[in-house]
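First up is the structure itself, then whatever we jot down about it.
Structural data, given as structure tokens:
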């Protein structure tokens, strides 16, 4: 039976993504490593500070895994939450797993812990890149209802691979933030179709920010992650410059577009209006058209 | 925010187990953790809730729970973000079910 990734908690996602009963948690809830800031503000904390970390096996191979709980503070990265992610990447340097897998669901920095959260995000990026520099692949899985925004969006794009479902979203500023700063005519945050075609998995897949699009199913994410184990992308000045070229090219090609539908048309999608209704498996053909490859 | 503690007498002490966590600290929701409390004849409950002034209702919900399960030798810790009594009862039963499942596995 299909187990919705979006509707599962962080703990359920970890339990069903990895091989059965293989997960061993680090700093579990019983250790009570909780936020030092929230209680001072009169807000209840969570025993795991909104992130589950540990290791287990995926298709028999050792992997490290972290899962953010989007329902707690919108998955916001606080001081402890960030430190747990950093610690996981640092231990990966020692134990050399086949991948570090991050089930990202976060609005970015937890605003209650502003500066500590901002520092935490930059420390996570550094630790992630240290792991990549040692040849340990980092895989982001994005399919939670809260999406992956702000600092966590930046972290996600530092990874080797990004896998999304069409329910997942990936961006820097969230819809409400854009509407507040640029006005409702520029971006109506309550227009769900607009929000999803601007930041959702299908758009990220077509434009190349996400490598694989899967159905909203924990098992589909599991199979995608298995296929990416042990596969590192180049982390070099040359690769970085190629990425910059790609971004400049994107601005040149699509800078005048007013809507993602225009972007898809320019990418070679014959009928952009049907994209929203397509299954993840049907998107592969469109992606081939968009990247100019033969199927 | 309010902190509450209750001591409820029971007689069913489970076999050794690792801490169990169910639920999420989200709006209208809560997390419930059950840990072993060695050699104790009671079920100790620590609640941290975002709401103020609901101690009598918490006590009633916990007493109902204890009437159903009669647990001893455990500590229940709750982080609550304004869950209704019905939701609290469901989460507590979910945690108790997980506890029974886990201790049965170990037996």
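Chains as they are written, first to last, in the working numbering: chain A, 25 to 319; chain B, 7 to 113. Quick reminder that beta carbons are idealized off the backbone N, C-alpha and C, glycines included. Here the structure is a predicted model, which means the values were calculated and not measured.
About 6 Å separates the beta carbon of residue 101 of chain A from that of residue 130 of chain A, a gap short enough to meet the 8 Å contact definition. For residue 58 of chain B, no alpha helix (DSSP H) run applies, since DSSP gives it neither H nor E.
For residue 130 of chain A, there are no neighbours in chain B by C-beta distance under 7 Å, as the nearest C-beta there is about 14 Å away. In the assembly as shown, residue 281 of chain A is an exposed residue. Its beta-carbon has fewer than 16 other beta-carbons within 10 Å. Shown here for residue 288 of chain A: same chain residues with a beta carbon closer than 7 Å to its own, the five before and five after excluded, namely 230, 296, 299 in chain order.
Counting along the chain, the unbroken beta strand (DSSP E) around residue 81 of chain B starts and ends at 80 to 86. For the set A/89, A/215, A/258, A/60, the Cα lying nearest the Cα of residue 37 of chain A is the one of A/89. Under the 10 Å beta carbon count, residue 45 of chain A is surrounded by fewer than 16 other beta carbons and is classified as exposed.
With distances taken between CA atoms, residue 53 of chain A lies nearest to A/75 out of A/75, A/64, A/40, A/66. Residue 251 of chain A sits away from residue 30 of chain A, with the two beta carbons spaced by 7 Å or more. With the criterion set as a beta carbon lying under 7 Å from some beta carbon of chain B, the members of the stretch 86 to 105 of chain A are 93, 95, 96, in sequence order.
In the pairwise beta carbon analysis, the stretch 163 to 178 of chain A is classified as touching the stretch 121 to 140 of chain A: at least three pairs are separated by under 8 Å.
Contact between the stretch 11 to 24 of chain B and the stretch 44 to 62 of chain B is present: three or more C-beta pairs spanning the two stretches fall below 8 Å. For residue 192 of chain A, the number of other beta carbons within 10 angstroms of its own is at least 16, and it is reported as buried. Closer than 7 Å to the CB of residue 59 of chain A there is not a single CB belonging to chain B. Residue-level contact check: residue 66 of chain A touches chain B, since one or more beta carbons of chain B fall below 7 Å from its beta carbon. As computed with DSSP, residue 7 of chain B is found in no beta bridge at all. Taking the Cα positions, residue 21 of chain B is about 16 Å away from residue 82 of chain B. Taking 7 Å as the threshold, the shortest C-beta distance from residue 107 of chain B to chain A does not fall below it.
The Cβ of residue 51 of chain B sits no closer than 7 Å to any Cβ of chain A. Under the 10 Å beta carbon count, residue 257 of chain A is surrounded by fewer than 16 other beta carbons and is classified as exposed. Residue pairing for residue 81 of chain A: DSSP places it in a beta bridge opposite A/86. Residue environment for residue 170 of chain A: buried (at least 16 other C-beta atoms within 10 angstroms of its C-beta). A contact is defined here as three or more CB-CB pairs under 8 Å, and the stretch 60 to 69 of chain A meets this definition with respect to the stretch 83 to 93 of chain B.
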